Amino acid sequence: MWIAVFCLSGLGLVASLGLGLAARRFAVEVDPKIEALERVLPGVNCGACGYPGCSHFARALVEEGAPVSGCMAGGEDTVLAVAELMGVEAVIGEKRVAVVLCKGGRGESKTKFTYRGVEDCKAAVIVSGGDKACPHGCLGLRTCERVCPFDAVEISKDGIAVIDPEKCTGCGICVKECPKEIIVLVSVEKRVSILCCSREKGSEVRKKCAVGCIACETCVRVCPFDAISMEGNLAIIDYGRCRVCGLCIAQCPTRAIEGRDWPFPRVEIMDDRCTGCGICTMVCPVDAIEGEKKEVHKVSEDRCVGCLLCIDRCPKEAIRLRAPAHSASELAA
Amino acid sequence: MAKLLLLIIGAVLVNNFVLTRFLGICPFLGVSRRTETALGMGMAVIFVMTVAAIVTWIIHRAVLTPFGIEYLQTVTFILVIASLVQLVEMVIQKTSPVLYQALGIYLPLITTNCAVLGVAVLNVQKGFTFVETAIFGFGASLGFTVALVLFSGLREKIALADVPRVFQGTAIALITAGLLSLAFMGFTGLVK
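Heads up: the protein sequence lines correspond to chains A and B, in order. Per this note's numbering: the first sequence = residues 984 to 1316. Per this note's numbering: the second sequence = residues 1353 to 1544.
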């Protein structure tokens, strides 16, 4: 019996010794940077960076010189951490979030037929473009909800995909996956969106959906910054010009335009600084500022839409936001 | 020479490890969805099984028989095979990263592949010489690879076919494996 014990333990010892030596002899040196990078990356393997997964991206960062700002999903913190590890200056792009450009839920929009197939937008689209009468309507069959690695998409009770801007990282997977191509990435600062993609005539849109863009051009006229223009029969916001004043939101007859946290914060004039020059009354697009020349001006709370134009123009810096949700300098930039 | 050739043919076709001896069924079903992975696994098995056959034969001759502890055969062989696979994995990772990428994930699987243990035990049972052992180990693993690649080809075709609902998935895979096994029975009597 002792022979058996000795032989087996001897063999085990030899094997483990051999393996131990081999592990040292054949140790593969992995760049410690790659491991450190893998730790700071989100690890969701969403693929938005263009590599199959986070560890591939980490390797590409070190070996192929992939851009440090490549990780969309991790946001600012990840980019900063990656840049620090790589020893370069971080260039932070604006945070973007996905927005579903449709708000015509089951209650507001009409259907062509009853779809009883696989619960997947891509499958439903094959059946004559899905059951919605509007060819650009959100089908709400959870394709984007399923692909989102961050649980940011939820299908509302009304059957419309709604993206939570807090959870959304702007990875853009849903944008690619949506068969209706109605999801876009918008800077998180630009909180106004025209939630309609239909380029059909206004009368057609009205027949099919209660909350679609009917091309009345009210928003185009009302926008103080000429940021909205018509493309075919659809109003489009030029985010380069949009100042997030929210005037169009208030004026849209079909409520197709929506703003996050709307109404936006208004401005007020600091009495001690105002000299009554009257410049603000001239720039205000909604005539919300009143007052006699050379006297302290007042902002009408009802009319002010918070476009912040006056803040930029006031030579005495006498105007400020009442509820500072986003700073004026950020918007001005 | 003729004897060695017959040994290979016998191991590959007549007494195929998977289809006639029913050893190594787990990877046979597990990694046969795509021909590419099947081939990768097959190559890894050929490598490990040949080396394992040789090493276990040496251990049996040099350690187990002289001390009269042949009854520890199974335990010892498993120990040797497991550490051998580990060693092979390390060496491949160091010397050929490309091969490691290709075989990497399959190598640890082979540790528990009963075909490897089977070939070691059979070598002892049949009283093979050293050269015969090496040839038999190689032939047996070649047979395993042939069966795996053939089967994966069939499964790739079946994946596109309209399989009745009751047979879908593992059921049709097992039926196919059975038919393939039947086909290999046609080789019975080819050798000996």
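Idealized CB from N, CA, C, for every residue including glycine. As the structure is a prediction and not an experimental result, all values here were calculated from the model.
Asked: Can you pull the DSSP bridge partners for A:Met1213?; Found: A:Ala1218
Asked: By the criterion of Cβ-Cβ separation under 7 Å, what are the contact partners of A:Ala1233 in chain B?; Found: Those within 7 Å of A:Ala1233 in chain B number zero; the least Cβ separation is about 57 Å.
Asked: Using a 10 Å radius around the Cβ and a threshold of 16 neighbouring Cβ atoms, would you call B:Gln1438 buried or exposed?; Found: buried
Asked: I'd like the span of the alpha helix (DSSP H) that includes B:Ala1404, first residue to last.; Found: Thr1387 to Ile1411
Asked: Taking the C-alpha atoms as reference points, what is the distance between B:Pro1460 and B:Val1476?; Found: 25 Å
Asked: So B:Leu1502 and B:Leu1532 are supposed to be a Cβ contact under 8 Å. How far apart are they, rounded?; Found: 6 Å
Asked: In terms of residue numbering, what span does the beta strand (DSSP E) encompassing A:Ala1144 cover?; Found: Ala1144 to Ile1146
Asked: If you draw a straight line from the C-alpha of A:Val1169 to the C-alpha of A:Pro1132, how long is it?; Found: 19 Å
Asked: Can you name the residues that DSSP bridges to A:Gly1259?; Found: Answer is none; A:Gly1259 lacks a bridge partner.
Asked: Answer with yes or no whether the minimum CB distance from A:Cys990 to chain B is below 8 Å.; Found: yes
Asked: Our contact map puts A:Val1171 next to A:Pro1148 with C-beta atoms below 8 Å; I'd like the distance itself, whole angstroms only.; Found: 6 Å
Asked: Which stretch, first to last residue, makes up the beta strand (DSSP E) that contains A:Leu1304?; Found: Ile1302 to Leu1304
Asked: Taking DSSP as the reference, what is the three-state secondary structure of A:Glu1137?; Found: strand
Asked: Pull up the DSSP beta-bridge partners for A:Ser1092, would you.; Found: A:Cys1192
Asked: Taking C-alpha atoms, which residue in B:Gly1489, B:Leu1424, B:Leu1506 and B:Val1400 lies nearest to B:Asn1368?; Found: B:Gly1489
Asked: For B:Val1483, would you say it is in contact with chain A, using Cβ-to-Cβ distances shorter than 8 Å as the test?; Found: no
Asked: Please report how far the alpha carbon of A:Ala1316 lies from the alpha carbon of A:Gly1123, in whole angstroms.; Found: Confidence in A:Ala1316 is poor, its pLDDT being 38 and thus under 50, which makes the residue's placement unreliable; the coordinate value appears in the next sentence. Distance between the alpha carbons of A:Ala1316 and A:Gly1123: 37 Å.
Asked: Does DSSP put A:His1309 in a helix, in a strand, or in coil?; Found: With a pLDDT of 47 at A:His1309, under the threshold of 50, the modelled position of this residue cannot be trusted; read the value that follows with caution. In the structure shown, A:His1309 sits in coil (DSSP, three-state: anything other than H, G, I, E or B).
Asked: From the DSSP secondary-structure annotation, give me the bridge partner or partners of A:Leu1168.; Found: A:Ala1081
Asked: In the stretch 1463 to 1476 of chain B, which residues sit with their C-beta less than 7 Å from some C-beta in chain A, listed in chain order?; Found: none
Asked: Using a Cβ-Cβ distance cut-off of 8 Å, determine whether A:Ala1043 contacts chain B.; Found: no
Asked: CA-CA distance, B:Leu1377 and A:Arg1089?; Found: In the sequence under discussion, the amino acid at residue 1377 of chain B is Ile, which differs from the Leu named in the question. Using only the alpha carbons, I get a separation of about 52 Å.
Asked: Would you list, in sequence order, the uninterrupted alpha helix (DSSP H) runs of no fewer than 4 residues that lie entirely inside the stretch 1008 to 1088 of chain A?; Found: 1015 to 1023, 1037 to 1046 and 1058 to 1069
Asked: Leaving out five residues on either side along the sequence, give the residues of the same chain with a beta carbon under 7 Å from the beta carbon of B:Ala1390.; Found: Val1383, Ser1384, Leu1500, Val1501 and Ser1504
Asked: So, does the CB of B:Ser1384 fall closer than 8 Å to a CB anywhere in chain A?; Found: no
Asked: Mark A:Glu1164 as exposed unless 16 or more other C-beta atoms lie within 10 angstroms of its C-beta, in which case mark it buried.; Found: exposed
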